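Asks:
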Amino acid sequence: MYDQLEATLHDAFWEAEGAGAELGLLETFLNDHPGTALELGCGSGRLLLPLLEKGYFIEGLDNSADMLELCREHSGDHEPVLHQSGIEDFQTGATYAAITIPAFTLQLLPYEQLPAIFENIRRHLHPGGGLYITTFIPWAEITGELEEGEEFLDHETYFPDGRTARCHTRFQVKRISQQLIREHRYEILSPDGELLETSDSTHHLTWLWPREIAKLLTDAGFTLQKMIGDFESEAPCDEDAQIVTMMAEWQEDCDPERLA
């Protein structure tokens with residue numbers, strides 16, 4: 145769950161990094177699965193709103209009221225359909241041509257809940273519906289390239305009025321259980337360096353090896369269609385990839401129960 149300051153600065157840091165490399169992959173995926181889609185963990189709409197602007201029919205779901213409010217504020221002439229719910233047990237009462245979990249959102253969820261989450265996603269898909277997932281492997285933290293337990297400046301950007309936004313991060317790695325614990329301190333400083341606002345948060349992430357995700361998908365009735373490394377759509381996912389994108393489909397003959 146993001147509080148108001150973290151939600152606002154999360155958005156500012158993403159904007160400072162420019163257009164998302166992931167957007168093109170999402171467009172290709174949605175073109176292959178025409179119809180209404182649902183983004184799980186849509187946040188402030190960083191990916192959802194550009195897709196709406198391009199004419200895609202996509203709804204959003206997030207557990208943070210502050211993030212959803214930012215999404216509405218940024219939506220312009222659009223009126224996005226947004227659902228406030230956790231991914232663990234969401235129910236929208238509808239089925240979709242595609243469901244997306246971009247931007248590493250899946251890794252914020254407890255590993256032991258993933259089988260039930262994938263089954264719930266399957267129940268929210270039309271027959272032949274697609275599932276899009278992006279995860280990352282924190283090689284720098286795993287290998288010790290970044291020093292564990294030491295705080296570092298993770299993000300910094302500037303507002304037009306001269307204020308500075310910063311995010312300081314410290315992390316802990318649990319290699320056997322594949323967990324990355326990140327502690328963030330968000331700050332806004334005045335033009336002369338005075339601290340105006342601050343907020344702390346801790347995120348528990350699980351990194352997943354591609355074969356683990358593939359097995360979870362297969363067990364839930366999905367067929368893996370494509371795996372891409374580092375957003376390079378024309379290149380195979382190699383052993384050194386940091387970002388892994390998977391695209392899968394659910395066919396009705398694999399199935400179990402559907403939504404009523």
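Each number in the working numbering corresponds to the 1-based position in the sequence shown with 144 added.
Glycine included, every Cβ here is placed at the ideal spot set by N, Cα and C.
Note that the structure is predicted; figures quoted are calculated from it, not measured.
#1: If you measure between the beta carbons of Ile-243 and Leu-340, is that distance less than 8 angstroms?
#2: In whole angstroms, what is the alpha-carbon distance linking Gly-277 and Asp-336?
#3: Report yes or no: do three or more beta-carbon pairs, one from the region 174 to 188 and one from the region 198 to 217, lie closer than 8 angstroms?
#4: If you scan the region 183 to 246 from start to end, which runs of the alpha helix (DSSP H) of 4 or more residues do you find wholly inside it?
#5: Near Arg-266, which residues of its chain fall below 6 angstroms by C-beta distance, leaving aside the five closest residues on each side in sequence?
#6: Sort Ile-245, Asp-298, Trp-353, Gln-369 by Cα distance to Gln-322 and report the nearest one.
#7: When DSSP builds the beta bridges, which residues end up paired with Trp-394?
#8: Please classify Phe-315: does DSSP put it in a helix, a strand, or coil?
#9: Would DSSP call Ala-156 helix, strand or coil?
#10: Indicate whether Leu-170 and Pro-246 have their beta-carbon atoms separated by less than 8 angstroms.
#11: Measure the Cβ-Cβ separation of Gly-179 and Ala-241 and say whether it is below 8 angstroms.
#12: Once you ignore the five residues that flank His-218 on each side, which residues in its own chain have a CB closer than 7 angstroms to its CB?
#13: Does the beta-carbon distance from Arg-314 to Glu-338 come in below 8 angstroms?
#14: Under 8 angstroms, with one C-beta from each stretch per pair, do the region 300 to 309 and the region 279 to 289 reach the 3-pair mark?
#15: So, helix, strand or coil for Gln-323, using DSSP?
#16: Go through its chain and collect everything with a Cβ distance to Arg-329's Cβ below 6 angstroms, but skip five positions before and after it.
#17: My guess is that Gly-230 and Asn-207 are in contact by the Cβ rule of under 8 angstroms, so how many angstroms apart are they, rounded?
#18: In the DSSP assignment, what residue or residues form a beta bridge with Phe-280?
#19: For Thr-172, report the span of its beta strand (DSSP E) as first-last.
#20: Is the beta carbon of Lys-359 closer than 8 angstroms to that of Met-391?
Replies: Based on what the coordinates show:
#1: Contact flag unset, no.
#2: Strictly speaking, residue 277 in this sequence is Ile, with Gly absent from that position. Roughly 42 angstroms separates the two Cα atoms.
#3: yes
#4: 192 to 197, 209 to 217
#5: Ala-364, Gly-365, Trp-394
#6: Trp-353
#7: The partner list for Trp-394 (beta bridge, DSSP) reads Phe-366.
#8: strand
#9: helix
#10: Yes. Within cutoff.
#11: yes
#12: Ser-188, Gly-189, Leu-193
#13: Going by C-beta atoms, Arg-314 is not nearer than 8 angstroms to Glu-338.
#14: no
#15: strand
#16: Within its own chain, the residues whose Cβ lies closer than 6 angstroms to the Cβ of Arg-329, once the five positions on either side in sequence are excluded, are His-312, Asp-344, listed in chain order.
#17: 5 angstroms
#18: Ile-387
#19: First-last for Thr-172: 167 to 176, but that is the alpha helix (DSSP H), not the beta strand (DSSP E).
#20: No. Outside cutoff.
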